[in-house]
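S.K.: Protein chains in written order, with the working numbering: chain A, 1 to 245; chain B, 246 to 490. Cβ coordinates follow ideal geometry from the N, Cα and C atoms, glycine included.
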DNA sequence: CGAACAGTTGATCAGGATCAACTCGAGTGG
DNA sequence: CCACTCGAGTTGATCCTGATCAACTGTTCG
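In structure tokens:
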């Protein structure tokens, strides 16, 4: 099961066999969480970092009056609460599906980062990519139309899932409701529904029963003004590797 | 002059004398740049990281058709292009005022991060705070009104400037045009003008000649729904320290 | 003196929000 | 087995925030 994080780390940097052993050791404990579980609670003082091994989740902030902004979607290999490395988290993380999660005590991570420069570098790159994704969302919310924004979100979700081998051809399970998409794009649920309809009418996507199908990649890219560069994905997407560790 | 970066790093972590010497050594070269200079060019393959020692600047992305989104404001002590640590930058940075900048070759930084865990930790925290600021901007653009968003931006700018000793009482130099604010908030210039007018009419701020004066902190905080926690500032703001290095 | 740019104002428009009702499964319990 | 509920999705009508267009002021600077 640590294979997933290893695969992700190896995307960022070449690991030595020794590095791999360290990663495997640290991921020995695995917790199960059901769908809709609150994996990270806003303001929780806990000091362990959680690594998502299987499943999907999302980061979000809910304002006092109930407005919610989704800050990012999480796929296997992502660290749920990187800020917890050195400070408190200021957002929540909720599971979209049943998840498998490995907890790592803060001190343990710090030791590893200090002792294994290659791993530290991989974590750094992870964090930098996360920041790049956040910037791209800011561009979308600030300067793109609702239509482009939703299209952009779907492009990104699909490519990130494909990168961890969770797609089958043009299909992938993307278990979010239209309201999730709305809260991610900064739109109302109603308008998101209409945007999805026009994306469907333009034969760009199908999206039902929490499954996303991309029907027309060039079309969707164009609608989204999408340039995948910021994701820093490897040219060749990883297959759903049966890494036996 | 390295005092500024030292002060910033010390906010995040306690440094040893040895750490300080390393920082001072690495900041030996200082470049001058005039206002409006393009300090970082989107896509530039250069591999040196730039540290802002004096002045103000902003990170931005300009879309093919000219729409611009400002992604963040930079104050002394900030690293202009952290992604360059391990990948390419995908945004530009432009000077708002004349700036002093120290370049650090990528390899040099990597060595330092590997050899000096305390410094590495400080850089990590810096990056995590930057990500937290980005998340707060997302919340604003997705879920706050134009009025709250602009107010929020001003709160944040003021506190960050105060934190590096660049305010005088309730005043600070914040050399942006209304269009800069608009591009940061994801608004049109005209509407930003009107929002600023109503902030002034409510006696919350004065903002002329590139100087921002906060007239009513509680009022501005309330208007912005502002909670400074995410900035992870020290309780006691740093004064403009005459650190003699 | 005249550009050139920042800021301001007014008029109009449109993208997306809001409110409300309705459909359609998928459970669930009687 | 059916009625009921509940959440998700859909649709229509209306409202409003903020965009756009255009003109004008004021200031700075060459």
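Please classify residue 149(A): is it buried, with 16 or more other beta-carbons within 10 angstroms of its beta-carbon, or exposed?
M.R.: The count along the first chain starts at 1 and reaches residue 149(A) at position 149. So residue 149(A) ends up on the buried side.
S.K.: Given a cut-off of 8 Å on the beta-carbon distance, is the pair residue 321(B) and residue 300(B) in contact?
M.R.: For this step, residue 321(B) is matched to residue 76 along the second chain. For this step, residue 300(B) is matched to residue 55 along the second chain. It is a contact, given that the beta carbons lie within the stated cut-off.
S.K.: Quick check: the stretch 191–199 of chain A against the stretch 134–148 of chain A, are at least 3 beta-carbon pairs closer than 8 Å?
M.R.: yes
S.K.: Pick helix, strand or coil for residue 362(B), following the three-state DSSP scheme.
M.R.: Against the second chain, residue 362(B) aligns to sequence position 117. Here residue 362(B) sits in helix by DSSP.
S.K.: According to DSSP, simplified to helix, strand and coil, what is residue 127(A)?
M.R.: On the first chain, residue 127(A) is found 127 positions in, with the first residue counted as 1. In this structure, residue 127(A) counts as helix in the three-state DSSP scheme.
S.K.: For a test of the three-state rule: what should DSSP assign to residue 294(B), helix, strand or coil?
M.R.: As a first step, residue 294(B) is located in the second chain; it is residue number 49 there, counting from the start. If DSSP states are grouped into helix, strand and coil, residue 294(B) belongs with the strands.
S.K.: Determine whether the beta carbon atoms of residue 315(B) and residue 69(A) lie at a separation below 8 Å.
M.R.: One-based indexing of the second chain puts residue 315(B) at position 70. One-based indexing of the first chain puts residue 69(A) at position 69. Their beta carbons are not under 8 Å apart, which means residue 315(B) does not touch residue 69(A) by this criterion.
S.K.: Would you call the stretch 403–418 of chain B in contact with the stretch 449–466 of chain B, where contact means no fewer than 3 C-beta pairs closer than 8 Å?
M.R.: yes
S.K.: Just the chain B side, please: which residues come within less than 8 Å of residue 147(A) by C-beta, in chain order?
M.R.: For the purposes of this step, residue 147(A) is identified with residue 147 of the first chain, where counting begins at 1. Within 8 Å Cβ-Cβ: nothing; residue 147(A) doesn't reach chain B, min ~15 Å.
S.K.: Got a sec: which bits of the stretch 295–315 of chain B sit with their beta carbon under 7 Å from any beta carbon on chain A, in order along the chain?
M.R.: 306, 308, 312, 314
S.K.: If you follow the beta strand (DSSP E) that residue 456(B) is part of, which residue opens it and which one closes it?
M.R.: Numbered from its first residue, the second chain carries residue 456(B) at position 211. That run of the beta strand (DSSP E) goes 456–459.
S.K.: Residues of chain A with CB under 7 Å from residue 369(B), in chain order?
M.R.: Numbered from its first residue, the second chain carries residue 369(B) at position 124. For residue 369(B), the chain A residues whose C-beta falls within less than 7 Å of its own C-beta are 85, 86, listed in chain order.
S.K.: Measure the alpha-carbon distance for residue 489(B) versus residue 471(B) and round it to whole angstroms.
M.R.: For the purposes of this step, residue 489(B) is identified with residue 244 of the second chain, where counting begins at 1. For the purposes of this step, residue 471(B) is identified with residue 226 of the second chain, where counting begins at 1. Bear in mind that the predicted position of residue 489(B) carries a pLDDT of just 36, short of 50, making it too unreliable to give a figure here.
S.K.: Take the Cβ of residue 408(B) as the centre, count every other Cβ of all protein chains shown within 10 Å, and call the residue buried at 16 or more, exposed below.
M.R.: Indexing the second chain from 1 puts residue 408(B) at position 163. When all chains shown are included, residue 408(B) counts as buried.
S.K.: With a cut-off of 8 Å, do at least 3 Cβ pairs link the stretch 250–266 of chain B to the stretch 355–367 of chain B?
M.R.: yes
S.K.: With a threshold of 7 Å on Cβ separation, who are the neighbours of residue 189(A) within its own chain once the five nearest residues in sequence on each side are excluded?
M.R.: As a first step, residue 189(A) must be located in the first chain, where it is residue number 189. Contacts found: 178, 179, 182.
S.K.: Please list the terminal residues of the continuous alpha helix (DSSP H) segment that includes residue 400(B).
M.R.: Translated into positions along the second chain, residue 400(B) becomes position 155. Per DSSP, residue 400(B) belongs to the alpha helix (DSSP H) from 391–408.
S.K.: With the cut-off set at 8 Å, would you say residue 286(B) and residue 349(B) are in Cβ contact?
M.R.: In the second chain, residue 286(B) corresponds to position 41, counting from 1. In the second chain, residue 349(B) corresponds to position 104, counting from 1. Against a cut-off of 8 Å, the Cβ pair of residue 349(B) and residue 286(B) comes out as no contact.
S.K.: Please name the residue in 381(B), 412(B), 303(B), 410(B) whose C-alpha comes closest to that of residue 397(B).
M.R.: In the second chain, the residue the question calls residue 397(B) occupies position 152. Comparing alpha-carbon positions, the option among 381(B), 412(B), 303(B), 410(B) lying closest to residue 397(B) turns out to be 381(B).
S.K.: Cβ of residue 430(B) within 8 Å of Cβ of residue 343(B)?
M.R.: In the second chain, the residue the question calls residue 430(B) occupies position 185. In the second chain, the residue the question calls residue 343(B) occupies position 98. It is not a contact, given that the beta carbons lie outside the stated cut-off.
S.K.: Which runs of the beta strand (DSSP E), 3 residues or longer, sit entirely within the stretch 263–340 of chain B?
M.R.: 276–278, 283–285, 293–299, 302–307, 313–319, 337–340
S.K.: Assuming residue 351(B) contacts residue 293(B) (C-beta within less than 8 Å), just tell me the rounded distance between them.
M.R.: Walking along the second chain from the start, residue 351(B) turns up at place 106. Walking along the second chain from the start, residue 293(B) turns up at place 48. Indeed, because the Cβ distance is near 6 Å, the residues count as touching under 8 Å.
S.K.: Identify the contact partners of residue 186(A) in chain B, using a Cβ-Cβ distance below 7 Å as the criterion.
M.R.: The residue given as residue 186(A) occupies position 186 in the first chain. Under the 7 Å cutoff, chain B gives 386, 387, 388.
S.K.: For residue 345(B), which beta-bridge partners are listed by DSSP?
M.R.: Translated into positions along the second chain, residue 345(B) becomes position 100. According to DSSP, residue 345(B) bridges with 277(B), 299(B).
S.K.: Whose C-alpha, out of 108(A), 199(A), 187(A), 213(A), is nearest the C-alpha of residue 174(A)?
M.R.: Here residue 174(A) corresponds to residue number 174 of the first chain, with the count starting at 1. Here the closest residue by C-alpha is 213(A).
S.K.: Can you name the residues that DSSP bridges to residue 451(B)?
M.R.: Taking the second chain and counting its residues from 1, the one referred to as residue 451(B) is at position 206. Answer is 458(B), bridged to residue 451(B).
S.K.: In angstroms, rounded to a whole number, what distance separates the CA positions of residue 334(B) and residue 207(A)?
M.R.: In the second chain, residue 334(B) corresponds to position 89, counting from 1. In the first chain, residue 207(A) corresponds to position 207, counting from 1. In a straight line, the C-alpha of residue 334(B) is about 33 Å away from that of residue 207(A).
S.K.: What is the C-beta distance between residue 29(A) and residue 102(A), in whole angstroms, given that I count them as a contact (C-beta under 8 Å)?
M.R.: Counting from 1 along the first chain, the entry for residue 29(A) is found at position 29. Counting from 1 along the first chain, the entry for residue 102(A) is found at position 102. Cβ atoms of residue 29(A) and residue 102(A) come within 8 Å of each other, at about 6 Å.
S.K.: What residues in the stretch 189–205 of chain A bring their beta carbon closer than 8 Å to a beta carbon of chain B?
M.R.: Cβ contacts with chain B come from no residue of the stretch 189–205 of chain A.
S.K.: Whole-angstrom Cβ separation of residue 319(B) and residue 302(B), contact assumed at under 8 Å?
M.R.: Residue mapping note: residue 319(B) aligns to position 74 of the second chain, counting from 1. Residue mapping note: residue 302(B) aligns to position 57 of the second chain, counting from 1. The Cβ separation is near 4 Å, so the contact holds.
S.K.: Roughly how many angstroms lie between the CA atoms of residue 81(A) and residue 325(B), to the nearest whole one?
M.R.: Counted from its first residue, the first chain places residue 81(A) at position 81. Counted from its first residue, the second chain places residue 325(B) at position 80. Going by the C-alpha atoms only, they are around 24 Å apart.
S.K.: Report the three-state DSSP secondary structure of residue 420(B) (helix, strand or coil).
M.R.: Position 175 of the second chain holds residue 420(B). Correct three-state label for residue 420(B): coil.
S.K.: If you follow the alpha helix (DSSP H) that residue 190(A) is part of, which residue opens it and which one closes it?
M.R.: Counting from one through the first chain, the residue named residue 190(A) turns up at place 190. Note, residue 190(A): alpha helix (DSSP H), 189–201.
S.K.: Using only CA atoms, which one of 281(B), 255(B), 411(B) lies nearest to residue 305(B)?
M.R.: The residue you call residue 305(B) lines up with position 60 of the second chain. Closest by alpha carbon: 281(B).
S.K.: Could you name the residues of chain B that residue 234(A) contacts, counting a contact when the two beta carbons are closer than 8 Å?
M.R.: Looking up residue 234(A) in the first chain gives position 234. Simply none; closest approach about 12 Å.
S.K.: Any C-beta of chain B within less than 7 Å: which residues of the stretch 160–180 of chain A qualify?
M.R.: In summary, no residue of the stretch 160–180 of chain A has a CB separated from any CB of chain B by less than 7 Å.
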